[in-house]
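S.K.: I'd like to ask you about the structure that follows.
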Amino acid sequence: MLMNRSKGDRLFDALNVTFFLFVLALVLYPLYFIIIASISDPVKVNTGAVWFWPVDMTLEGYRKIFEHEALWNGYRNSALYTVVGTVINVALLMTGGYALSRKDVPGRNIITLLIVFTMFFQGGIIPTYLIVRDLGMLNTMWALVIPNAVSVYHLIVVRTYFESTIPIEMLEASKVDGCNNTRFFLRIVLPLSLPIIAVMVLFSAVVHWNSYFSALIYLRDESMYPLQMVLREILVRNSAQELMNVEDAAQLQDFSELIKYGVVIVSSLPVLILYPFVQRYFIKGVMIGSIKG
Amino acid sequence: MLKKILRSYELYLLMLPTLIYFAIFQYGPIYGVQIAFKQFTISRGITGSPWVGFEQFERFFSSYQFWNLLQNTLLISLYELALFPIPIILALLLNQLTSHRFRKLIQTVTYAPHFISVVVMVGMLYLFLSPSKGILNQILMLFGLDPVFFLAAPEWFKTVFVFSGVWQNAGFSMIIYIAALAGVSPDLHEAAVMDGASKARRIWHIDLPGIMPTVMILLILNIGQFMSIGFEKVYLMQNSVNITSSEIIQTYVYKAGLLNAQYSYSTAIGLFNSLISFVLLLSVNMIARKLNQTSLW
Numbered sequence: 263m264l265m266n267r268s269k270g271d272r273l274f275d276a277l278n279v280t281f282f283l284f285v286l287a288l289v290l291y292p293l294y295f296i297i298i299a300s301i302s303d304p305v306k307v308n309t310g311a312v313w314f315w316p317v318d319m320t321l322e323g324y325r326k327i328f329e330h331e332a333l334w335n336g337y338r339n340s341a342l343y344t345v346v347g348t349v350i351n352v353a354l355l356m357t358g359g360y361a362l363s364r365k366d367v368p369g370r371n372i373i374t375l376l377i378v379f380t381m382f383f384q385g386g387i388i389p390t391y392l393i394v395r396d397l398g399m400l401n402t403m404w405a406l407v408i409p410n411a412v413s414v415y416h417l418i419v420v421r422t423y424f425e426s427t428i429p430i431e432m433l434e435a436s437k438v439d440g441c442n443n444t445r446f447f448l449r450i451v452l453p454l455s456l457p458i459i460a461v462m463v464l465f466s467a468v469v470h471w472n473s474y475f476s477a478l479i480y481l482r483d484e485s486m487y488p489l490q491m492v493l494r495e496i497l498v499r500n501s502a503q504e505l506m507n508v509e510d511a512a513q514l515q516d517f518s519e520l521i522k523y524g525v526v527i528v529s530s531l532p533v534l535i536l537y538p539f540v541q542r543y544f545i546k547g548v549m550i551g552s553i554k555g
Numbered sequence: 085m086l087k088k089i090l091r092s093y094e095l096y097l098l099m100l101p102t103l104i105y106f107a108i109f110q111y112g113p114i115y116g117v118q119i120a121f122k123q124f125t126i127s128r129g130i131t132g133s134p135w136v137g138f139e140q141f142e143r144f145f146s147s148y149q150f151w152n153l154l155q156n157t158l159l160i161s162l163y164e165l166a167l168f169p170i171p172i173i174l175a176l177l178l179n180q181l182t183s184h185r186f187r188k189l190i191q192t193v194t195y196a197p198h199f200i201s202v203v204v205m206v207g208m209l210y211l212f213l214s215p216s217k218g219i220l221n222q223i224l225m226l227f228g229l230d231p232v233f234f235l236a237a238p239e240w241f242k243t244v245f246v247f248s249g250v251w252q253n254a255g256f257s258m259i260i261y262i263a264a265l266a267g268v269s270p271d272l273h274e275a276a277v278m279d280g281a282s283k284a285r286r287i288w289h290i291d292l293p294g295i296m297p298t299v300m301i302l303l304i305l306n307i308g309q310f311m312s313i314g315f316e317k318v319y320l321m322q323n324s325v326n327i328t329s330s331e332i333i334q335t336y337v338y339k340a341g342l343l344n345a346q347y348s349y350s351t352a353i354g355l356f357n358s359l360i361s362f363v364l365l366l367s368v369n370m371i372a373r374k375l376n377q378t379s380l381w
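Top to bottom, those sequences are chains E and X.
Whatever position you read off the first sequence (first residue = 1), add 262 for the numbering used here.
Whatever position you read off the second sequence (first residue = 1), add 84 for the numbering used here.
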């Protein structure tokens, strides 16, 4: 097939490769720029002297970041919320997803329908807020991990996975051996589901690590803020100045930019480090989801 | 039947936590939506508050912000919908790359921005688009153009919002189409090559029809989300200068409801928003079914 490529096709390929090189640059350059800007002299960055490599290297920005107590507190909070939230998410997804995948459960279709309906119609943030409030969850960790404990989309993905990987013969065989449903789920289904568990752990963890809006709505106590809320103060609401006592206003401005570049790196570090290893699981997750659209 | 139900009791127990979750946190709010037709006060509770009919809706429709909010919400949604084909085009082209390693590289790199949080994403926008120091304006100045304060200019808000979304998510959205493309039979391509079909024609006549069902499903789902713009990002990008262009229904609901405690009023606005989405979804799905295309149900 490669042998008889026509002239037109070769032109097509050349243009195509050029196009994707351009796409590559478009995605990578901003990310690369943040790295070099975070270790360059802020004055040089702000006057446009930094383009392709760091100029007048400095680690001052990172030094300031490491002294930033609120940021590390946010880091710890986020780690806690992510672990607890992910455990809840995955536990509900696996148990609920498996039970709903069993075709012999009476009422399965109506339950699935009721669940899928909530994907397209929701009460909205105010009624949800009132429920969280009535349950006494305001200003607690639970407000961040319980009200979004199950994603309908993920539940459907898990259900589809079980339907297609756990053959009914396996269940029948183990029933003959006197295995009940609970034991079958714990001893046979779960060990066979490690790939989907990995996928769901990753999806849930990233969602929790990156979320800020629940915290904005439900948390009052700043010491409980997750990382993203602290980042919002620094990056978006521009309060980086607070953490320095520099007299010179201009220098202060410069430093605040330097800190922002550094903060982007530091906060994305856990995801960046994990990304190359877990990337294929994410793709797998989307693929499984795509089987049933 | 009863025997069958009793026999599956363990399975019901397994799904019980999930069912409780949906009952409380999804159907609870749907029950609570009735406060849109009431004058809700916390002390009286949902059932104790008096009914006021459509008063909250009328108040919203006649408020001076109504048309502006609706316009912004619709324009951003349409803008995003117009860019819906970008991941499809990327996937079709990527599928034609002959070097396997180059393909993998592109995929790895373009998926990555999807995992950046909204806060960091908006923070990056502020850094890159800053009028005096941002790199984009420095490039503009390099070409002798005047710097633009993108995030403070109402006329730029929607473009910045939508295209930063493309930068962040186009790669990841492409995955599902790549999966669909892997399912297109290679026999069709071989036969077409025999007949002397060029790559461009094969994309158009084989690949595109091959992934059409996937495209339709995603399009329907997309339209179902029509009015639910990523408002967490909109909220972060808002400031007092661009507000005329950046206030959308959902950010307004948040402000009116939670910051100003007008619970009933903002619930009514939210309900208006989700009803539009829901009706849109139903109609698009119906049209797709009528046209004998793939539909959700």
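Cβ coordinates follow ideal geometry from the N, Cα and C atoms, glycine included.
For X:Leu176, which residues of its own chain have a beta-carbon under 6 Å away from its beta-carbon, when the five flanking residues on both sides are left out?
M.R.: Translated into positions along the second sequence, residue 176 of chain X becomes position 92. Only Ile287 and Asp291 meet the Cβ criterion.
S.K.: Counting only runs of 4+ residues fully inside the segment 160-199 of chain X, write out the alpha helix (DSSP H) ranges in chain order.
M.R.: Fully enclosed alpha helix (DSSP H) runs of 4 or longer: 169-178 and 184-195.
S.K.: For E:Phe544, is the classification buried or exposed, using 16 other Cβ atoms within 10 angstroms of its Cβ as the cut-off for buried?
M.R.: Here residue 544 of chain E refers to the residue found at position 282 when the first sequence is read from its first residue. Buried: at least 16 other Cβ atoms inside 10 Å.
S.K.: Show which residues of chain E have a CB atom less than 9 Å away from the CB atom of X:Lys122.
M.R.: Translated into the one-based positions of the second sequence, residue 122 of chain X becomes position 38. None at all; the shortest Cβ gap to chain E is about 12 Å.
S.K.: Could you tell me if E:Pro304 is buried or exposed, where buried requires 16 or more neighbouring beta carbons within 10 angstroms of its beta carbon?
M.R.: Translated into the one-based positions of the first sequence, residue 304 of chain E becomes position 42. By the neighbour-count rule (16 or more Cβ atoms within 10 Å), E:Pro304 is buried.
S.K.: E:Trp315 by DSSP, collapsed to three states: which one?
M.R.: Along the first sequence, one-based indexing puts residue 315 of chain E at 53. Here E:Trp315 sits in coil by DSSP.
S.K.: Please name the residue in X:Gly116, X:Tyr349, X:Leu380 and X:Ile259 whose C-alpha comes closest to that of X:Lys188.
M.R.: To locate residue 188 of chain X, count along the second sequence from 1; it is residue 104. Selected option, being the one with the closest Cα: X:Ile259.
S.K.: Counting only Cβ pairs nearer than 7 Å, list the residues of chain X close to E:Pro409.
M.R.: As a position in the first sequence, residue 409 of chain E is number 147, starting the count at 1. Here the neighbours are Phe109.
S.K.: Which residues in the same chain as X:Phe241 place their Cβ atom closer than 6 Å to its Cβ, once the five residues preceding and following it in sequence are excluded?
M.R.: Locating residue 241 of chain X in the second sequence gives position 157, where the first residue counts as 1. Excluding residues within five positions, the ones whose Cβ falls inside 6 Å are Asn326, Ser329 and Ser330.
S.K.: If you run the structure through DSSP and keep just helix, strand and coil, what is X:Lys283?
M.R.: On the second sequence, position 199 is the one that residue 283 of chain X refers to. If DSSP states are grouped into helix, strand and coil, X:Lys283 belongs with the helices.
S.K.: Which residues does DSSP pair with X:Trp135 in a beta bridge?
M.R.: By one-based count along the second sequence, residue 135 of chain X stands at place 51. According to DSSP, X:Trp135 bridges with X:Lys122.
S.K.: Would DSSP call X:Asn357 helix, strand or coil?
M.R.: Within the second sequence, numbered from 1, the residue matching residue 357 of chain X stands at position 273. DSSP places X:Asn357 in helix when its eight states are reduced to three.
S.K.: Leaving aside the five residues before and after X:Leu220 along the sequence, list all residues of the same chain whose C-beta is less than 8 Å from its C-beta, in chain order.
M.R.: Sequence index remark: in the second sequence, residue 220 of chain X carries index 136 (1-based). The residues are Phe212, Leu213 and Phe234.
S.K.: Excluding the 5 residues preceding and the 5 following X:Val203 in the sequence, name in chain order all residues of the same chain whose CB lies nearer than 8 Å to its CB.
M.R.: Here residue 203 of chain X refers to the residue found at position 119 of the second sequence. Leu320.
S.K.: With a 10 Å radius around its C-beta and 16 neighbouring C-beta atoms as the bar for buried, classify E:Asp483 as buried or exposed.
M.R.: Counting from one through the first sequence, the residue named residue 483 of chain E turns up at place 221. With fewer than 16 Cβ atoms within 10 Å of its Cβ, E:Asp483 is classed as exposed.
S.K.: Can you name, in chain order, every residue of its own chain whose Cβ lies under 7 Å from the Cβ of E:Thr427, other than the five neighbours on each side?
M.R.: The residue labelled residue 427 of chain E in the question sits at position 165 within the first sequence. Excluding positions up to five away in sequence, the list reads Leu454.
S.K.: Which complete alpha helix (DSSP H) runs does the segment 282-348 of chain E hold, if anything under 4 residues is left out?
M.R.: You should have 304-308 and 322-328.
S.K.: Do you know offhand how far X:Ser312's Cα is from E:Ser268's?
M.R.: Counting from 1 along the second sequence, the entry for residue 312 of chain X is found at position 228. Counting from 1 along the first sequence, the entry for residue 268 of chain E is found at position 6. One C-alpha to the other measures close to 47 Å.
S.K.: DSSP three-state label for X:Phe141, please.
M.R.: Walking along the second sequence from the start, residue 141 of chain X turns up at place 57. Three-state DSSP puts X:Phe141 in a helix.
S.K.: Listed in chain order, which residues of the segment 171-182 of chain X have Cβ atoms closer than 8 Å to some Cβ of chain E?
M.R.: Going along the segment 171-182 of chain X in chain order, one finds Leu174, Leu177, Leu178, Gln180, Leu181 and Thr182 with a Cβ nearer than 8 Å to chain E.
S.K.: Would X:Met196 pass as a contact of E:Leu293 if the rule is Cβ separation under 9 Å?
M.R.: Residue 196 of chain X sits at position 112 when you count from the first residue of the second sequence. Residue 293 of chain E sits at position 31 when you count from the first residue of the first sequence. According to the sequence shown, residue 196 of chain X is Ala rather than Met. Yes, Cβ-Cβ distance for X:Ala196 and E:Leu293 is below 9 Å.
S.K.: Of all the options E:Tyr415, E:Ala361 and E:Met403, which has the alpha carbon lying nearest to the alpha carbon of E:Thr380?
M.R.: Here residue 380 of chain E refers to the residue found at position 118 of the first sequence. Checking every option, the nearest Cα to that of E:Thr380 belongs to E:Tyr415.
S.K.: Can you tell me where the alpha helix (DSSP H) with X:Ala237 in it begins and where it stops?
M.R.: Here residue 237 of chain X refers to the residue found at position 153 of the second sequence. No alpha helix (DSSP H) contains X:Ala237, which DSSP labels as neither H nor E.
S.K.: On the criterion of 16 or more Cβ atoms from any shown chain inside 10 Å, does E:Val468 qualify as buried, or is it exposed?
M.R.: Locating residue 468 of chain E in the first sequence gives position 206, where the first residue counts as 1. Flag for E:Val468 reads buried.
S.K.: Say whether chain E places a C-beta atom closer than 9 Å to the C-beta of X:Leu265.
M.R.: Residue 265 of chain X sits at position 181 when you count from the first residue of the second sequence. No, X:Leu265 does not count as interfacial toward chain E.
S.K.: For E:Gly385, does the three-state DSSP call read helix, strand or coil?
M.R.: The sequence position of residue 385 of chain E within the first sequence is 123, counting from 1. Correct three-state label for E:Gly385: coil.
S.K.: What residues from chain X crowd round E:Leu333, counting only those whose CB sits closer than 8 Å?
M.R.: The residue labelled residue 333 of chain E in the question sits at position 71 within the first sequence. Simply none; closest approach about 13 Å.
S.K.: Return helix, strand or coil for E:Pro429, following the three-state DSSP convention.
M.R.: Position 167 of the first sequence, counted from the first residue, corresponds to residue 429 of chain E. In this structure, E:Pro429 counts as coil in the three-state DSSP scheme.
S.K.: DSSP state of X:Pro231, grouped into three classes?
M.R.: Against the second sequence, residue 231 of chain X aligns to sequence position 147. Looking at X:Pro231 - three-state DSSP - the assignment turns out to be coil, as it is neither helix nor strand.
S.K.: Counting only Cβ pairs nearer than 8 Å, list the residues of chain X close to E:Thr357.
M.R.: What you label residue 357 of chain E is simply residue 95 of the first sequence in a count that begins at 1. Near E:Thr357 (Cβ distances below 8 Å), the residues of chain X are Leu98, Met99, Pro101 and Thr102.
S.K.: Is E:Glu206 buried or exposed, if buried means 16 or more other CB atoms sit within 10 Å of its CB?
M.R.: For chain E, the structure presents residues 263 to 555; residue 206 of chain E sits outside this window and is missing.
S.K.: What is the rounded straight-line gap between the Cα of E:Thr348 and the Cα of X:Ala107?
M.R.: For this step, residue 348 of chain E is matched to residue 86 along the first sequence. For this step, residue 107 of chain X is matched to residue 23 along the second sequence. E:Thr348 and X:Ala107: Cα-Cα distance of roughly 21 Å.
S.K.: Which class does E:Thr402 belong to by DSSP, given the choice of helix, strand or coil?
M.R.: Counting from 1 along the first sequence, the entry for residue 402 of chain E is found at position 140. Residue state, collapsed to three classes: coil.
S.K.: Can you say whether E:Leu264 is buried or exposed, counting buried as having 16 or more other CB atoms within 10 angstroms of its CB?
M.R.: The residue you call residue 264 of chain E lines up with position 2 of the first sequence. For E:Leu264, the pLDDT reaches just 49, beneath the cut-off of 50, and the residue's location in the model is therefore unreliable, although a value from the coordinates is still provided. Exposed is the call here.
S.K.: Can you name the start and end residues of the alpha helix (DSSP H) that X:Lys88 belongs to?
M.R.: As a first step, residue 88 of chain X is located in the second sequence; it is residue number 4 there, counting from the start. From DSSP, the alpha helix (DSSP H) with X:Lys88 extends over Leu86 to Arg91.
S.K.: If you drop the 5 nearest sequence neighbours on each side, which residues of the same chain put their C-beta closer than 6 Å to that of E:Leu493?
M.R.: Within the first sequence, residue 493 of chain E is the residue found at index 231, counting from 1. Hits under 6 Å: Ser529.
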